[in-house]
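Student: For the sequence shown, the positions run 1 to 246 when the UniProt record's numbering is used.
We put the beta carbon where it would ideally sit given N, CA and C, even for glycine.
Quantities reported herein were computed from a predicted structural model and do not represent experimental measurements.
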Amino acid sequence: MNRRLNIDIPENNTFLLLRDILTAMDHLIGMKFGMGTLDDMNHLKNKHQTNPLTQIVHGRKLSSLGPGGLTGRTTSFRIRDIHPSHYGRICPIDTSEGINVGLIGSLVHLRSIFPFQYFSIGASLIPFIEHNDANKALMSSNMQRQAVPLSRSEKCIVGTGLECQVALDSGVPAIAEHEGKIVYNDTEKIILFGSGNGLSIPLIIYQCSNKNTCMHKKSQVQKGKCIKMGQILVDGAATVGGELAL
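1. Excluding five sequence neighbours on each side, which residues of the same chain lie with their C-beta closer than 8 Å to the C-beta of valine 166?
2. If we count the other Cβ atoms within 10 Å of its Cβ and call it buried at 16 or more, is alanine 176 buried or exposed?
3. Measure from the alpha carbon of methionine 139 to the alpha carbon of each residue in Leu107, Asn197, Pro92, then state which is nearest.
4. Going by the beta-carbon positions, is the gap between glutamate 179 and lysine 228 smaller than 7 Å?
5. Please say whether alanine 24 and proline 149 have beta carbons closer to each other than 7 Å?
6. According to the Cβ coordinates, are arginine 60 and serine 106 closer than 7 Å?
7. So serine 141 is in the alpha helix (DSSP H); what residue range does that whole segment cover?
8. What number of angstroms, rounded off, separates the C-alpha of cysteine 208 from the C-alpha of valine 172?
9. Could you spell out where the alpha helix (DSSP H) holding aspartate 81 opens and where it closes?
10. How many whole angstroms separate the CB atoms of aspartate 235 and lysine 223, which I take to be in contact at a CB cut-off of 8 Å?
11. Please list, in chain order, all residues of the same chain as lysine 170 whose beta carbon is under 6 Å from its beta carbon, the five residues on each side excluded.
12. Identify every residue that forms a DSSP beta bridge with tyrosine 118.
13. Can you grab the Cα-Cα spacing for the pair cysteine 156 / cysteine 164, in whole Å?
14. Taking the alpha-carbon positions, what's the glycine 102 to phenylalanine 114 distance?
15. In the DSSP assignment, what are the bridge partners of tyrosine 184?
Here it is in structure tokens:
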């Protein structure tokens with residue numbers, strides 16, 4: 001923490017002081033606005049917004065670069081190679097291509113509750129990955145994150161069953177938190193009323209992402225319709241029926 005926040009706290013201190021909290025707040029503000037000597041991957045403003053898969057995968061990246069870390073030009077092949085301790089924790093397939101290969105990894109899907117899951121979310125979306133070459137699987141997991149939203153998206157014909165959960169975890173689609181009735185619906189927001197609670201869902205209308213792709217949310221319900229809990233209310237530019245559609 002001393003190296004990350006550029007402070008000097010004795011190692012025998014086991015509690016935080018007020019100045020430590022203020023220093024951490026300054027560090028978070030710097031991350032948000034890209035100030036200071038921070039790794040580009042740590043900048044919250046630089047989170048990739050190409051498609052829903054990119055957004056959720058970018059938040060699960062592990063980087064060995066940055067201040068006090070490794071560099072892409074001087075790191076040996078031994079450090080880049082897969083270590084036995086990575087299995088069940090860090091995906092052996094999903095990594096960057098080029099000079100940073102092996103230095104930027106991705107957390108394994110369900111790693112905290114299932115130790116025998118070996119692949120990340122991006123690699124888990126590849127059908128029949130066990131029959132693919134490892135190099136092709138690496139390129140495929142990276143190419144899925146480069147897919148731009150289509151004007152008319154369609155669900156995949158062959159999938160792995162994880163497409164719906166990935167879309168929901170990305171936060172792009174919106175689901176009904178409780179049963180109710182749609183009392184208002186237009187291109188700007190949806191209001192669901194039920195169980196004595198009102199739920200207002202704002203819609204994004206043709207906004208430009210930081211990757212120059214379209215961010216647009218479409219209503220999937222009509223005014224006056226009764227809605228069940230968990231039903232899809234809003235779809236994004238790269239989702240259909242709450243399912244990832246790249």
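Tutor: On the basis of the supplied data:
1. Pro52, Leu53, Ile56, Ile121, Leu125, Leu244
2. buried
3. Pro92
4. yes
5. no
6. yes
7. 134-144
8. 15 Å
9. First-last for aspartate 81: undefined, no H or E at that position.
10. Between lysine 223 and aspartate 235 the Cβ distance is about 17 Å, and since that is not below 8 Å, they are no contact.
11. The identity of residue 170 in the sequence shown is serine, whereas the question assumes lysine. The residues are Pro52, Gln55, Ile56.
12. Paired residue(s): none; tyrosine 118 is not in a bridge.
13. 11 Å
14. 23 Å
15. Ile191
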